[in-house]
Structures are given as C-alpha cells and as structure tokens.
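Chains A and B, in that order, are what the protein sequence lines are. According to this note's numbering, the first sequence is numbered sequentially starting from -10. According to this note's numbering, the second sequence is numbered sequentially starting from 6. Just so you know, even glycine gets a beta-carbon here, dropped at the ideal spot from N, CA and C. On a predicted model such as this, the values are computed, not experimentally measured, just so you know. For reference, the structure discussed in these notes is given below.
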Amino acid sequence: RKEVEQDPGPFNVPEGATVAFNCTYSNSASQSFFWYRQDCRKEPKLLMSVYSSGNEDGRFTAQLNRASQYISLLIRDSKLSDSATYLCVVNPTSGTYKYIFGTGTRLKVLA
Amino acid sequence: GAGVSQSPSNKVTEKGKDVELRCDPISGHTALYWYRQSLGQGLEFLIYFQGNSAPDKSGLPSDRFSAERTGGSVSTLTIQRTQQEDSAVYLCASSPDRFQPQHFGDGTRLSIL
C-alpha cells in the first residue's frame, strides 16, 4: 500500500458545484497534513494545513479522520480558476522532515 | 516578500554533461528541500538541509547526484554525467523549520538530449 494515495481523477464539475476529494495515508502515527494546489507546469502552492478539528478557509474546508486514516478537501461554489491538481501531503512521523506527497487529484471546473 | 528563487528556469543539455541547479530560499528559512517531478508523476524527495545539521541525502537516486548548502542559505544540486532518465522538473522548497509548510520555487525544467 502506498504511503499516501489519491484518486487521480479527473473530476469534471460545473461551475458552482461542490466537490470533495479524499486522501488516504498508511501510517497511523502521521502528525501533519496539508493540501497543496499545483497548476499545469507550475510549482505546488500551499492551499491549507489540515487540523485535527477541521478547518475552513473561504470556500475550502479540510477535514481529518484519524480513525479511517484519511483527509478530505471540500470545495464549495467551484470557480473556473479552481481547475488544478490538488496534492495531499503527509508528515509520517512527528518532527521528521520527510513529507510524503500524493500524486494528486486533478480537478476541471467547466463553464 | 521574495519567494524561493531557482535558476536556471530551463536547462537543455547533452547526455553525459554535468549540470548545476541553484536554489535561493526565502530569507530566514532554515529548512531546504530538493524534489524531482517527472511528467505526470508525484514529487520525489531528493535531499533535505536543516540549518547546520548534516543533510539527509537518502532520496538521492545515485552517486551522480550531490547537493550543497553554503552558509545555511543558497543550495546547489549537481548532477554529473547526466542520463536521459534525469529529465524532470527539479523543485526546491524552503520552510521556517521542519514543522512548517514548505514554499516552493518555480523549478528548473531539465531536459537531457
């Protein structure tokens, strides 16, 4: 089993739709979780950290489910500009530097 | 403020040549990472520097790859005797410390002919 797994997609959704992605991780001791966004031929950019209690940033909501070992990202009221690949990032062990990146979920928001 | 700066943006070279890639992290960031991303693939960890500590080189794919970080700031990744499979985007990231999210540079797109 991969350390971090994501559905590659693509998820094709109309503008204004709500879409959610999950990311599963294998190491139950994982401590830090992030979502990054990567546009085509661009560098990854931090979208948001994921906190145990869940957190929201505008139209974006991140959740952590430790029991089932997954994190999720919910995007409400999708915009064309949300089209990108969303990378799940996990720090498998507290205090280590080796962050594991998922291969990403591709989102296409259609007009 | 200034972000992570990488140079060159693009590099095309012949198989067998040596290449040197440069990364200038965000000022004050003690943690610096190098990754490689092949087309359609995820990020592959290469090496990590934290302050003046010995780097973690466990991700370097072969002894043709080496990296340095001078004065705790600028880093160079060197690939000797390049092979076609080295073609990829090489990304550098820095963070205030190893517990904080990483900020990436634009990357160097390396093509080996």
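Coarse secondary structure for residue i, derived from DSSP in three states
i	result
Ser70 (chain A)	helix
Thr113 (chain B)	strand
Glu19 (chain B)	coil
Thr75 (chain B)	helix
Gln55 (chain B)	strand
Gln107 (chain B)	coil
Glu90 (chain B)	helix
Pro13 (chain B)	coil
Asp61 (chain B)	strand
Identity of the residues DSSP links to residue i by a beta bridge
i	result
Cys12 (chain A)	A:Gln(-5) and A:Ile60
Lys34 (chain A)	A:Arg26
Thr102 (chain B)	Sequence check: residue 102 (chain B) is Asp here, not Thr. Answer is none; Asp102 (chain B) lacks a bridge partner.
Glu45 (chain A)	A:Thr50
Pro3 (chain A)	A:Leu99
Ser21 (chain A)	A:Asn80
Whole-angstrom C-beta distance between residue j and residue i, which should lie under 8 Å
i	j	result
Ile117 (chain B)	Asp23 (chain B)	With a Cβ gap of about 11 Å, Ile117 (chain B) and Asp23 (chain B) do not count as contacting.
Asn11 (chain A)	Tyr59 (chain A)	5 Å
Leu89 (chain A)	Val79 (chain A)	One point to set straight first is that residue 89 (chain A) is Ile, not Leu, in the sequence displayed. At roughly 5 Å, the Cβ-Cβ gap stays under 8 Å, so Ile89 (chain A) and Val79 (chain A) are in contact.
Buried/exposed call for residue i, threshold 16 Cβ in 10 Å
i	result
Pro33 (chain A)	buried
Tyr53 (chain B)	buried
Ser80 (chain B)	buried
Cys29 (chain A)	exposed
Gly76 (chain B)	exposed
Q: Please go through the stretch 22 to 47 of chain B and give each complete beta strand (DSSP E) segment of 3 or more residues, from N-terminal end onward.
A: Those beta strand (DSSP E) runs which fall completely within the stretch 22 to 47 of chain B and span 3+ residues are 24 to 29 and 36 to 42.
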